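Let me begin by presenting the structure, written as structure tokens, before commenting on it.
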Amino acid sequence: MFKTIFLKTLFEKRWMTLWWTLSSVALTVFIVLFFPALKDSFGEAVKQIPESMRSLIGSAEDYQQLGGYLTIQVFQQMIFLPIILGVILATGLLAGDENEGTLQTLLTQPVSRSRVYLHKLAASATIVGLVTFGFFFGSWLGALIIGEPINLWRLGQATLMAWVVSMAISVLGFAVAAITGRRALAGSVAGAYAFAMYVVSSLVESVKALRPLDYLSPFHYFNHPSPLKAAFDYGDMLVLLAAGAIFIILGYIIFIRRDIYQR
Amino acid sequence: MSKQPVIELAGLTKRYPGSSVDALHDVSLTVDAGQIFGFLGPNGAGKTTTISLLVNLTRPTAGHIKLFGQDNQAFGLEHRARIGFLAGDMALDKGLTGSQQLEYFGSLRGNFDKSYVRELAKRLDANLNKRIKTLSRGNRQKIGLIAALMHRPELLILDEPTSGLDPLIQAEFNKLALDRQKEGKTTFMSSHVLSEVQELCDQLAIIRAGEVVTHASLRDIVTAAPRVVRLATDKSFRASELTKGLDGISNLVRHDHTVSFNFTGDINQLLARLSRQPLKNVTIQNAELEDIFMSFYQGGKATDV
Chain A
17 MFKTIFLKTL FEKRWMTLWW TLSSVALTVF IVLFFPALKD SFGEAVKQIP ESMRSLIGSA
77 EDYQQLGGYL TIQVFQQMIF LPIILGVILA TGLLAGDENE GTLQTLLTQP VSRSRVYLHK
137 LAASATIVGL VTFGFFFGSW LGALIIGEPI NLWRLGQATL MAWVVSMAIS VLGFAVAAIT
197 GRRALAGSVA GAYAFAMYVV SSLVESVKAL RPLDYLSPFH YFNHPSPLKA AFDYGDMLVL
257 LAAGAIFIIL GYIIFIRRDI YQR
Chain B
46 MSKQPVIELA GLTKRYPGSS VDALHDVSLT VDAGQIFGFL GPNGAGKTTT ISLLVNLTRP
106 TAGHIKLFGQ DNQAFGLEHR ARIGFLAGDM ALDKGLTGSQ QLEYFGSLRG NFDKSYVREL
166 AKRLDANLNK RIKTLSRGNR QKIGLIAALM HRPELLILDE PTSGLDPLIQ AEFNKLALDR
226 QKEGKTTFMS SHVLSEVQEL CDQLAIIRAG EVVTHASLRD IVTAAPRVVR LATDKSFRAS
286 ELTKGLDGIS NLVRHDHTVS FNFTGDINQL LARLSRQPLK NVTIQNAELE DIFMSFYQGG
346 KATDV
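Protein sequence lines, in the order shown, are assigned to chains A and B. No gaps in the numbering here: position 128 of the first sequence is 144 in the working numbering, and each next residue is one more. No gaps in the numbering here: position 216 of the second sequence is 261 in the working numbering, and each next residue is one more.
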């Protein structure tokens with residue numbers, strides 16, 4: 017397990033990964049188990065809610081199909097689970113280690129900064145991927161328990177997009193951490209961006225003035241439309257991948273050049 | 046053994062962002078192969094700044110570093126493969142055991158010699174099976190020391206290496222350093238404690254406020270330091286006859302029949318003068334080593350010895 021920085025990081029984060037993944041699966045199953053009960057009653061209740069709020073909690077039609085229900089209850093609302101984990105990891109693996117001095121110790125070994133940067137990024141992407149996969153597994157398991165059919169291909173696409181969205185936000189934190197070496201700052205920037213963009217994307221249907229800002233929101237490219245309700249939009253995914261790549265490259269360019277001070 | 050210096054610093058300057066003064070100013074020195082080189086200075090003098098530059102954690106503002114005859118910026122990765130490094134309070138991965146940490150570093154280096162690690166652990170009395178977070182500072186430092194030594198590096202860079210180590214382990218560390226020297230390997234160690242380097246180092250540089258104030262062998266530094274001369278005389282002693290035309294006398298104090306002064310000049314000339322004086326007794330003492338270094342720490346002038 018100690019052959020590479022990537023494997024060592026996975027080993028070090030094994031318990032964290034396990035608990036977050038199990039939580040992701042358990043919560044998803046729990047939510048799916050409520051689908052039969054909420055299918056009709058909640059759908060009716062939603063009709064009483066003003067139109068402006070429906071982008072947050074979904075429309076009555078969403079609750080008639082498991083796909084729509086999962087989009088709202090899992091992929092739209094539980095998405096913060098992998099995002100929070102991603103930001104914690106992305107900021108901790110570089111800036112956290114730098115604050116503790118272990119990054120400096122690692123960099124005095126014969127390893128390039130590029131290798132350190134990429135292995136830590138890959139480790140955080142893998143862990144976030146596993147936790148996001150919990151949505152897929154939990155949805156499938158839940159659907160199996162309640163006896164509802166589910167399109168696994170579409171579910172896989174939605175899971176992939178949830179991972180891409182989580183990583184787009186996480187790599188912002190990763191880049192800020194790599195550039196500044198300040199974990200709190202990196203976490204604040206990524207967290208504030210995620211929260212602000214979530215609010216923008218949630219309200220954009222009712223507040224038209226937010227539309228230009230919505231294009232900066234990763235949630236716009238995730239929920240617009242949801243892969244579980246419509247055909248997968250590869251263009252949306254490419255936008256998120258391109259944005260993530262820009263953050264990664266910016267962080268990389270500065271990280272490999274900047275001074276890293278001993279504690 | 047190569048005649049090329051292992052470490053060559055030329056005009057090395059480092060100024061941190063936002064600071065108006067250089068943390069390191071125009072530092073030039075060389076360390077030859079097989080030397081145990083002491084880099085002494087008070088806290089904040091620039092020792093860690095220099096070492097951070099040597100191991101590529103930071104970049105110089107001006108000047109350059111050559112290790113093994115090659116530019117340290119261009120060949121940093123290759124150099125770090127030939128270097129072992131130990132920080133004053135080595136930060137290690139708290140969740141790993143000592144052996145996991147060493148296996149990790151060994152894997153990154155690509156030459157993990159388990160039997161040599163076990164030998165080092167035995168010599169340093171290190172417990173490799175406990176998690177790092179449960180170890181005391183001294184025991185963590187032992188793991189760091191093994192990590193620095195386990196690949197038999199040509200150059201060992203140590204920043205305050207024995208902080209936290211008990212005296213027995215310090216003595217074992219000294220033996221290890223001397224064993225390395227016999228193999229022609231180089232050690233560069235910083236310290237703010239003279240006794241830490243006194244037993245080991247053949248060459249020294251003293252740094253104060255970012256500038257090297259002296260760079261010489263320990264013996265030369267002691268030889269060049271002022272001697273304290275005390276004379277027991279009678280009433281006919283004429284101080285002017287002693288001092289006239291003789292360089293190197295300072296702080297001359299006369300009390301009744303005793304005279305004392307510091308002397309840095311030619312000892313033969315002094316003895317010739319003294320032989321012509323009516324003396325009852327003469328004592329000439331080397332300055333205490335601690336005093337010499339304190340004078341450098343507290344603002345002594347740069348010395349060419």
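Ideal Cβ placement from N, Cα and C applies to all residues, glycine included. Just so it is clear, the structure is predicted and the values come from calculations on it, not from any experiment.
Are the CB atoms of residue i and residue j nearer to each other than 7 angstroms?
{"i": "A/Q278", "j": "B/T93", "result": "yes"}
{"i": "A/P234", "j": "A/A174", "result": "no"}
{"i": "A/V180", "j": "A/L254", "result": "no"}
{"i": "B/L57", "j": "B/G114", "result": "no"}
{"i": "B/A193", "j": "A/E116", "result": "no"}
{"i": "B/T278", "j": "B/H300", "result": "no"}
{"i": "A/I99", "j": "A/I185", "result": "yes"}
{"i": "A/F152", "j": "A/L171", "result": "yes"}
{"i": "A/Q80", "j": "B/L102", "result": "no"}
{"i": "B/S236", "j": "B/L85", "result": "yes"}
{"i": "B/N219", "j": "B/E244", "result": "yes"}
{"i": "B/D138", "j": "A/T142", "result": "no"}
{"i": "A/L329", "j": "A/S40", "result": "In the structure displayed, chain A extends from 17 to 279; residue 329 of chain A sits before or after that span and is not available."}
{"i": "B/L315", "j": "A/S128", "result": "no"}
{"i": "A/V132", "j": "A/L101", "result": "no"}
{"i": "B/D247", "j": "B/I81", "result": "yes"}
{"i": "B/I294", "j": "B/F308", "result": "yes"}
In this structure, how does DSSP classify residue i when only helix, strand and coil are distinguished?
{"i": "A/I264", "result": "helix"}
{"i": "B/S208", "result": "coil"}
{"i": "B/I327", "result": "Contrary to the premise, residue 327 of chain B reads as Val rather than Ile in this sequence. Three-state result, B/V327: strand."}
{"i": "B/M135", "result": "coil"}
{"i": "B/Q49", "result": "coil"}
{"i": "B/D349", "result": "At B/D349, the pLDDT of 37 sits below 50, so the modelled position is not reliable; the number obtained from the coordinates is stated separately. Coil."}
{"i": "B/F120", "result": "coil"}
{"i": "B/L263", "result": "helix"}
{"i": "A/F91", "result": "helix"}
{"i": "B/V238", "result": "coil"}
{"i": "B/A68", "result": "coil"}
{"i": "B/F233", "result": "strand"}
Give the interface partners of residue i over in chain A, defined as CB-CB distance under 7 angstroms, in chain order.
{"i": "B/Y149", "result": "F18 and K24"}
{"i": "B/F130", "result": "T124"}
{"i": "B/M135", "result": "T121"}
Consider the Cβ of residue i: report whether some Cβ of chain B lies at a distance smaller than 7 angstroms.
{"i": "A/E114", "result": "no"}
{"i": "A/I276", "result": "yes"}
{"i": "A/P126", "result": "yes"}
{"i": "A/T196", "result": "no"}
{"i": "A/G108", "result": "no"}
{"i": "A/Y133", "result": "no"}
{"i": "A/G267", "result": "no"}
{"i": "A/T118", "result": "yes"}
With a cut-off of 7 angstroms, does the C-beta of residue i fall near any C-beta of chain A?
{"i": "B/S358", "result": "In the structure as shown, chain B starts at 46 and stops at 350, and residue 358 of chain B therefore has no counterpart that could be examined."}
{"i": "B/L153", "result": "yes"}
{"i": "B/L169", "result": "no"}
{"i": "B/T93", "result": "yes"}
{"i": "B/D116", "result": "no"}
{"i": "B/V350", "result": "Its pLDDT being 39, under 50, B/V350 is placed unreliably in this model, and the value from its coordinates should be taken loosely. It does not; no Cβ of chain A falls within 7 angstroms."}
{"i": "B/G140", "result": "yes"}
{"i": "B/L180", "result": "no"}
{"i": "B/T240", "result": "First, the residue type needs correcting, since residue 240 of chain B is Ser and not Thr in the sequence shown. With 7 angstroms as the cut-off, B/S240 does not count as an interface residue toward chain A."}
{"i": "B/L173", "result": "no"}
{"i": "B/S97", "result": "yes"}
{"i": "B/L122", "result": "yes"}
Interface residues of chain C around residue i at Cβ under 7 angstroms?
{"i": "B/F84", "result": "Reference to chain C is not applicable here, since the protein chains of this structure are A and B."}
Going along chain A, which residues have a C-beta under 8 angstroms from residue i?
{"i": "B/L233", "result": "The question names Leu, but residue 233 of chain B in the sequence shown is Phe. The premise fails here: B/F233 is roughly 13 angstroms from chain A at the closest Cβ pair, so nothing lies under 8 angstroms."}
{"i": "B/Q80", "result": "Those within 8 angstroms of B/Q80 in chain A number zero; the least Cβ separation is about 21 angstroms."}
{"i": "B/L194", "result": "Within chain A, no residue comes near B/L194; the closest Cβ sits about 14 angstroms away, beyond 8 angstroms."}
Can you list the residues of chain B that residue i reaches, using a CB-CB cut of under 9 angstroms?
{"i": "A/L123", "result": "V100, N101, L102 and R125"}
{"i": "A/R279", "result": "A132, D134 and A136"}
At a threshold of 6 angstroms, does residue i count as lining the ligand NAD (C-beta to nearest heavy atom)?
{"i": "B/G121", "result": "Only the bare structure without any ligand can be found here, which leaves the ligand NAD out of the picture."}
What residues from chain A crowd round residue i, counting only those whose CB sits closer than 9 angstroms?
{"i": "B/Q145", "result": "M17, F18, K24 and F27"}
Okay, do the segment 43 to 53 of chain A and the segment 158 to 178 of chain A touch, 3+ Cβ pairs below 8 angstroms being the bar?
-> yes
Quick one: any contact between the segment 69 to 76 of chain B and the segment 250 to 266 of chain B, if contact means 3 or more CB pairs under 8 angstroms?
-> yes
Evaluate contact between the segment 185 to 192 of chain B and the segment 206 to 224 of chain B, counting only Cβ atoms and requiring at least three cross-stretch pairs below 8 angstroms.
-> yes
Inter-stretch contact (C-beta, 8 angstroms, three-pair minimum) for the segment 316 to 336 of chain B and the segment 262 to 273 of chain B = yes
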